[in-house]
Amino acid sequence: MTQINEILKNYYGYDSFRPGQKEIIYNIMRGRDVCAIMPTGAGKSLCYQIPAIAMKGITLVISPLISLMQDQVRILKSVGVPAAYINSSLTPRQTELALSRAMMGMYKLIYVAPERLLTKNFLSFAVNADISLVAVDESHCISMWGQEFRPSYRKISDFTHQLKKRPVVAAFTATADSTVKNDIINKLELVSPYCLTTSFDRPNLYFGTLSFDSGGTSLDDSRIKYITDYVCEHKDESGIVYCLTKKDTELAAQILRDNGCRARAYHAGMPSEERRIIQEDFTFGRTKVIAATSAFGMGIDKPDVRYVLHYGMPARIEDYYQQAGRAGRDGEPSECILLYSYRDYYIIKEYFILRERGDDEKKQDGLTDEEREEYICAQLEALDKMKNYAVSKRVCLRRQLVEYFGEKIGSTCKNCSVCLGDINRRSGNQEKLKLSEYDEELYIRLKAKAKVLSIRYGIPVFAVADDKTIMELVREKPQNETQLRRINGFGTVKIRQYGSDFLDVIRDYTKTKQNK
Ligand code: ADP
Ligand code: MG
Numbered sequence: 000m001t002q003i004n005e006i007l008k009n010y011y012g013y014d015s016f017r018p019g020q021k022e023i024i025y026n027i028m029r030g031r032d033v034c035a036i037m038p039t040g041a042g043k044s045l046c047y048q049i050p051a052i053a054m055k056g057i058t059l060v061i062s063p064l065i066s067l068m069q070d071q072v073r074i075l076k077s078v079g080v081p082a083a084y085i086n087s088s089l090t091p092r093q094t095e096l097a098l099s100r101a102m103m104g105m106y107k108l109i110y111v112a113p114e115r116l117l118t119k120n121f122l123s124f125a126v127n128a129d130i131s132l133v134a135v136d137e138s139h140c141i142s143m144w145g146q147e148f149r150p151s152y153r154k155i156s157d158f159t160h161q162l163k164k165r166p167v168v169a170a171f172t173a174t175a176d177s178t179v180k181n182d183i184i185n186k187l188e189l190v191s192p193y194c195l196t197t198s199f200d201r202p203n204l205y206f207g208t209l210s211f212d213s214g215g216t217s218l219d220d221s222r223i224k225y226i227t228d229y230v231c232e233h234k235d236e237s238g239i240v241y242c243l244t245k246k247d248t249e250l251a252a253q254i255l256r257d258n259g260c261r262a263r264a265y266h267a268g269m270p271s272e273e274r275r276i277i278q279e280d281f282t283f284g285r286t287k288v289i290a291a292t293s294a295f296g297m298g299i300d301k302p303d304v305r306y307v308l309h310y311g312m313p314a315r316i317e318d319y320y321q322q323a324g325r326a327g328r329d330g331e332p333s334e335c336i337l338l339y340s341y342r343d344y345y346i347i348k349e350y351f352i353l354r355e356r357g358d359d360e361k362k363q364d365g366l367t368d369e370e371r372e373e374y375i376c377a378q379l380e381a382l383d384k385m386k387n388y389a390v391s392k393r394v395c396l397r398r399q400l401v402e403y404f405g406e407k408i409g410s411t412c413k414n415c416s417v418c419l420g421d422i423n424r425r426s427g428n429q430e431k432l433k434l435s436e437y438d439e440e441l442y443i444r445l446k447a448k449a450k451v452l453s454i455r456y457g458i459p460v461f462a463v464a465d466d467k468t469i470m471e472l473v474r475e476k477p478q479n480e481t482q483l484r485r486i487n488g489f490g491t492v493k494i495r496q497y498g499s500d501f502l503d504v505i506r507d508y509t510k511t512k513q514n515k
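Heads up: the sequence shown is residues 0 to 515, going by numbering that gives the first Met the number 0.
Encoded structure:
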C-alpha cells in the first residue's frame, strides 16, 4: 500500500502512521466495516480521510459538532482536498448550493450532522450519489449507555438502508466499554466489522496530583495561587483549567487576566454564540487559557494544548481521563495536573450525588426508589475511586488510569508525580531552551511567518506548521524544496502553498548571519 503512505506524506506531511491507523485504512479500503476505539489524540480523523482521498466516490463523515466540522473542512481544503459541510449553520440557499455541488461530484468528503441525514434535500442527493464510505465520528453518541447519547445517531442505519449501494461503514470513538461497543455495532448494523482498540496509555502526558487543604476557605487561595503561577510560567502555551462550578471558572479566569494572562471563562450558562467565539479564539491561539466546566468538551480539536489543570476533582475517572486527555494530541510532552482538596469530594457527594434522594424533579425520571439508591451507590463508588487516585502517593498514576480501563503497563512509568516523586518538572518550552541564541532568533521569525500565513489562509497556526515542525526547520535549515520535503510536517501540498515563504525566511537568515 505505497499509495496510502504517499497520501500521508503529500497531504499531511507525515512520515509514518501511528498505531492502528494503517490497519484501519487498509480494512476500509478492502471494503470491510470498521469499529475503532482509540483514545483522544490517536489520530482517528486520518483513518477515514485517507481512504476518502484514495477511494473513488464520496465519503460522508457524520459528526455531532458544527464547530468541529468547520475546523476540519477548513484544514482539508487548505491541503487541497475538496470538502464541505452541511449543517444548521448554513442558510437554506447555502445548503442548496453545497448539495448541488455535491451532486456534481465536486467533494471528496462531506461532513454532515446526523439530524440532516433523513431530510428530503439530503436524501435526494444521497440516493443518487456514489457514496463509498460513511464514517461515524464520536460513535458512542449512538448508545444510551455512553456519556453523550444523541438520539439522532439512531437514524444512521435508516439512512444507509435507503442508499442504492451499501457503503462501507466505519465507526470511531474514544470512549466505549463493551456495552457501548456492542451498541455501536448493533445500532449501526456493522457487518462483521474489523474491530480495533488501541492502547489507552498516552505516554507523552505527564500526570500529577497535588492535595490542598482548603481549610474551609471558599476562595481556595493556595490552589488559585498554584494555578496562576503555573499559567504565568507557561504564557506562550495553550492550556485548559477545568473547574467544578461556573463561579469557579469566572473567578479563575478573572484572576488569570489580572495577572496578565489571556484567559476566558467557558460554561454552559453562556450564550452559544459567545461560547463559539471563545472556542474559536482558543483554537486560533488568540486566547491562551480557558477556565471551563465540563461543558468545554468534545468540540475541542486543538492538537497543541500543552496542559490541563484541574481546579477541583471530577466525579469519575472516566471524566478525568477524558478531560486531561485533551492535552497533547500532537504527541508532544504535555502536563495533566489534578489539584485536589477535600472540598471537591464534599461538594460532589453532597450536591451532585446525594441530593438526588430528596430531589422531587428527579423522582419523575421513572426510577424506582430502589433503582435510584443503586444508582447513587454506583456514583459514590466511582467518586471514591477518583478520590483514591487524587490522594494516592504510592501507586504509579498512569498505571492506575490504564488499569481502570482494563490495561496493564510496567511498574513505573517515569512520567507521573508518583514515579518521579515530584511535580512541576516541565518548564515552559523545554525544547526551545536547548536552542542557541542564533537559533532562537530564527525560531521567532519562522513562528511569525506561520502566524502571517495562518491569518492569510484562515486556518490555525498549528495547521500551517506546528511547533515541532518549526523546531525541525530551525535545526535542519533546509535551503531548497528537496530538503524541505524531508521535514516532518511538510508534504507536497504544503510545500507548494507555503514552501517558498518558509525557505525565504531561512535563506535570508542564513545569508545575513554569514555576512556578519
Ligand atoms: P483523534 O480524533 O483521535 O482525537 P485527531 O484525528 O484529531 O485525533 O489527531 C490528533 C493530532 O494528531 C492531529 O493534529 C493530527 O494531525 C495528528 N496526527 C494524526 N496522525 C498522525 C501521524 N501519523 N503522524 C503525526 N501526526 C499525526
Ligand atoms: Mg476526533
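Glycine is no exception: its CB is placed at the ideal position from the N, C-alpha and C atoms.
Here the structure is a predicted model, which is why all the values come from computation and not from measurement.
Using 8 Å as the threshold, is the C-beta distance between residue i and residue j below it?
i	j	result
residue 296	residue 343	no
residue 518	residue 307	The structure shown does not extend to residue 518, since the chain is modelled only from 0 to 515, so the question has no answer here.
residue 170	residue 128	no
residue 289	residue 325	no
residue 352	residue 375	yes
residue 12	residue 327	no
residue 190	residue 163	no
residue 110	residue 152	no
residue 263	residue 277	yes
residue 19	residue 197	yes
residue 291	residue 244	no
residue 382	residue 314	yes
residue 498	residue 467	no
residue 6	residue 52	yes
residue 40	residue 261	no
residue 165	residue 159	yes
residue 337	residue 294	no
residue 73	residue 457	yes
On the premise that residue j lies in contact with residue i, defined as a C-beta separation below 8 Å, what is that separation, rounded to the nearest angstrom?
i	j	result
residue 130	residue 61	Residue 130 to residue 61, Cβ: 12 Å. No contact.
residue 494	residue 472	No, residue 494 and residue 472 are not in contact; Cβ-Cβ is about 12 Å, not under 8 Å.
residue 91	residue 107	Actually they are not in contact, since the Cβ atoms of residue 91 and residue 107 sit about 24 Å apart, beyond 8 Å.
residue 192	residue 132	Rounded, the Cβ-Cβ distance is 13 Å, inconsistent with contact.
residue 142	residue 275	27 Å between Cβ atoms; not a contact.
residue 219	residue 138	Incorrect: roughly 38 Å between the Cβ atoms, too far for contact.
residue 416	residue 208	6 Å
residue 36	residue 175	5 Å
residue 450	residue 460	6 Å
Below 7 Å, is the gap between the Cβ of residue i and the nearest heavy atom of the ligand MG?
i	result
residue 318	no
residue 136	yes
Nearer than 7 Å: is that true of the beta carbon of residue i relative to any heavy atom of the ligand ADP?
i	result
residue 45	yes
residue 484	no
residue 37	yes
residue 302	yes
residue 20	yes
residue 10	no
residue 41	yes
residue 453	no
residue 173	yes
residue 151	no
residue 503	no
residue 15	yes
residue 328	yes
Please state the DSSP three-state secondary structure of residue i.
i	result
residue 271	helix
residue 314	coil
residue 408	coil
residue 104	coil
residue 160	helix
residue 85	strand
residue 260	coil
residue 171	strand
residue 484	helix
residue 429	Any answer about residue 429 is weak, because its pLDDT of 48 lies below 50 and its placement is not dependable; what the coordinates show is given next. Reduced to three states, the DSSP call for residue 429 is helix.
residue 13	coil
residue 395	coil
residue 44	helix
residue 211	strand
residue 516	With the chain covering 0 to 515 only, the question about residue 516 has no answer from this structure.
residue 266	coil
residue 468	helix
residue 196	strand
residue 371	helix
residue 299	coil
residue 132	strand
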